[in-house]
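Q:
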């Protein structure tokens with residue numbers, strides 16, 4: 001998982017100019033140790049938030065076994081994504097600008113496939129445990145979508 005955190009940090013730094021304002025991304029030395037540290041801290045904070053929300057839900061509802069299984073699925077999915085995406089991400093980072101577009105398309109397709117597989121796996125888990133689909137949707141919104149949308153809003157705000 002530590003390698004995956006590093007790869008997500010590299011991903012955030014590589015593609016930050018796509019969503020940051022031109023003033024920030026073109027500033028001299030914006031891609032410094034500080035930017036890498038902020039990206040790394042954001043990734044770690046996101047993982048801590050997701051873990052904390054699931055842990056609190058498990059304590060409040062007395063379903064630690066289910067939330068523990070969800071945490072395990074998240075770790076396994078994150079590890080799978082790190083293994084599957086690392087070659088494409090590293091090739092995209094190290095390639096020239098002409099070839100980078102091809103790697104970006106492959107990376108987007110691979111990310112979409114992994115997200116689909118994770119959603120399919122969590123849905124199957126919720127159905128198997130006879131947990132209502134409404135709770136699955138709440139899980140996806142509170143644990144998966146909210147922190148990502150918050151980070152997106154903070155990085156794209158002018």
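Numbering (the working numbering), first residue to last: 1 to 158. Every residue gets a Cβ at the ideal spot worked out from N, C-alpha and C, and that includes glycine. Remember, it's a predicted structure, so these values are computed and weren't measured experimentally.
Using alpha carbons as the reference points, say which of 146, 81, 126 lies closest to residue 109.
A: With distances taken between Cα atoms, residue 109 lies closest to 81.
Q: Using 10 angstroms around the beta-carbon of residue 139, count the other beta-carbons present and answer buried if the total reaches 16, otherwise exposed.
A: That one is buried.
Q: Taking residue 48 as the reference, which of 147, 93, 103, 119 has the closest Cα?
A: Among 147, 93, 103, 119, the Cα nearest to that of residue 48 belongs to 147.
Q: Can you give the Cα-Cα distance for residue 58 and residue 67, rounded to whole angstroms?
A: So the two alpha carbons sit approximately 6 Å from each other.
Q: On the three-pair Cβ rule with 8 Å, is the segment 119 to 128 touching the segment 96 to 103?
A: Segments in contact, no.
Q: Does DSSP classify residue 87 as helix, strand or coil?
A: Residue 87 falls in the helix class under three-state DSSP.
Q: If the criterion is Cβ atoms closer than 9 Å, does the pair residue 111 and residue 94 meet it?
A: Cβ distance not < 9 Å, so residue 111 and residue 94 don't count as in contact.
Q: Answer with buried or exposed for residue 61, where buried requires no fewer than 16 other C-beta atoms within 10 angstroms of its C-beta.
A: So residue 61 counts as exposed.
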